[in-house]
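Colleague: In the working numbering, the protein residues as written are 7 to 145. Could you have a look at this structure, given as structure tokens, before my questions?
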Amino acid sequence: DPNFDFSININKLNFRNGEDISFEITPSVNMYFYIFQWHPYNKRSNQITKLFPNDLEKENFFKKQSLNSIPSSKSISYTVEFPDSVEKLKIDEYLIIVGSKNKIEFLDNYVFFSDLKKQLRKVKNSELKYNQKQYTILR
């Protein structure tokens, strides 16, 4: 469905350790949203972590053409942290933003990106759209 789409903006693309990240999402039609953080440098533990929805922000149904901010309240924040296990001065991480016509029960963590992709393949293409956004963390 070419009308099934969304736009997403991130407050910035380069972060220092401890800075907050926020998002604005505008769907073209009513849909449910999920945001995952992908840490491709993690070789031994979970590479994928679900950021949204979560225990503090459970409402992930957004109405068409509405501007939706995440976090939805000033009392909630998502803080970017430079991984202790990385020796470099900067590192790239990724957000995977999923929009769906129907609610999907995702796990909170996936070991590999391929595990999340397997879950996404279970949903019909016409009912799902996902985008990937890169950002950089500076030590």
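Virtual Cβ for every residue (Gly too), placed ideally from N, Cα, C.
Between the stretch 67-78 and the stretch 132-144, are three or more C-beta pairs nearer than 8 Å?
Modeller: At 8 Å Cβ cutoff, the stretches do not touch.
Colleague: Helix, strand or coil: how does DSSP classify residue 127 here?
Modeller: If DSSP states are grouped into helix, strand and coil, residue 127 belongs with the helices.
Colleague: Find out if the Cβ-Cβ distance for the pair residue 43, residue 117 is shorter than 8 Å.
Modeller: No; because the gap between Cβ atoms is not below 8 Å, this pair is not in contact.
Colleague: On a CA-only basis, which of 50, 88 and 30 is nearest residue 72? Give me that one, please.
Modeller: Closest option to residue 72, Cα to Cα, is 30.
Colleague: Kindly provide the ranges of any beta strand (DSSP E) runs that are 3 or more residues long and lie completely inside the stretch 56-101, ordered along the chain.
Modeller: As far as the stretch 56-101 is concerned, its whole beta strand (DSSP E) runs of at least 3 residues are 74-76.
Colleague: I'd like to know whether the C-beta atoms of residue 139 and residue 14 end up nearer to each other than 8 Å.
Modeller: Result yes, Cβ atoms of residue 139 and residue 14 sit closer than 8 Å.
Colleague: Shorter than 7 Å, the distance from the beta carbon of residue 54 to the closest heavy atom of the ligand GDP, or not?
Modeller: Of ligands this structure carries none, so the ligand GDP is not represented either.
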